[in-house]
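Asker: For reference, the structure I am asking about is given below.
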Amino acid sequence: MRISTSSAAIAALSALAQEHRLAAFRLLVEAGPEGLPAGTVAEHLGMPPSSLSFHLAHLERAGLVAKTRLGRTLIYSARFETVRGLSDYLLENCCGGRTCTDTAAPERLAKGA
Numbered sequence: 002m003r004i005s006t007s008s009a010a011i012a013a014l015s016a017l018a019q020e021h022r023l024a025a026f027r028l029l030v031e032a033g034p035e036g037l038p039a040g041t042v043a044e045h046l047g048m049p050p051s052s053l054s055f056h057l058a059h060l061e062r063a064g065l066v067a068k069t070r071l072g073r074t075l076i077y078s079a080r081f082e083t084v085r086g087l088s089d090y091l092l093e094n095c096c097g098g099r100t101c102t103d104t105a106a107p108e109r110l111a112k113g114a
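Per my numbering, the sequence shown starts with residue 2, numbered consecutively.
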C-alpha cells in the first residue's frame, strides 16, 4: 500500500500510537512475512483474544497488517510495503530534494539546516 496522502500517513501513525497495537505490530514484524496466528500473538502479549482482535482490526484498517484464514485460524502478518510507503512519505522531501546519506539528515537537523 503506497502512502501518498497526509490522511493515510496519519491513519498509519495513529494506529501505531497505542501501546498494545505497537507491541502487536512489532511482534508481527519480528515474525516475518509468514506472520503469526492470532492466538499466538495474544499469548505473547498476555492479552485477551477479544482485546487483541480490536487492536489488530485497527492495524488492519490502517493497512499495516494483513489477515489470512487458514482453516479456523486467523494468521496476521505485517504489511512491509505499507511501512516502506509510510517511511517514503515521511522522508519524501528529505534534505531539500538533494540525495541524502543515512547519516547526513540527522547531522543537518542537529545543525538546524
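We treat Cβ as the ideally placed atom computed from N, Cα and C, and that holds for glycine.
In chain order, what residues of the same chain lie with their CB nearer than 7 Å to the CB of H59, ignoring the 5 residues before and after it?
Answerer: A16, R22, listed in sequence order.
Asker: Here's a check: name, in chain order, each residue in its chain whose Cβ is nearer than 6 Å to the Cβ of T74, leaving out the five neighbours to either side.
Answerer: These residues qualify, in order along the chain: P38.
Asker: With respect to the alpha helix (DSSP H) encompassing I76, which residues constitute its N-terminal and C-terminal limits?
Answerer: Careful: I76 lies outside any alpha helix (DSSP H), inside the beta strand (DSSP E) at 74-79.
Asker: Mind checking S33: buried by the 16 CB within 10 Å criterion, or exposed?
Answerer: A small correction: the amino acid at residue 33 is Gly; Ser does not occupy that position in the sequence shown. It is exposed - the Cβ of G33 has fewer than 16 other Cβ atoms within 10 Å.
Asker: Do S8 and Y90 have their beta-carbon atoms positioned less than 8 Å apart in this structure?
Answerer: Contact flag unset, no.
Asker: I need the boundaries of the alpha helix (DSSP H) containing T41, first residue and last residue.
Answerer: Here the alpha helix (DSSP H) through T41 covers 39-46.
Asker: Using a threshold of 8 Å, state whether the C-beta atoms of V42 and A79 are closer than that.
Answerer: Cβ distance not < 8 Å, so V42 and A79 don't count as in contact.
Asker: Bridge partners of V66, per DSSP?
Answerer: Beta-bridge pairing links V66 to A79.
Asker: Short check: CB of A25 to CB of L46, under 8 Å?
Answerer: Against a cut-off of 8 Å, the Cβ pair of L46 and A25 comes out as a contact.
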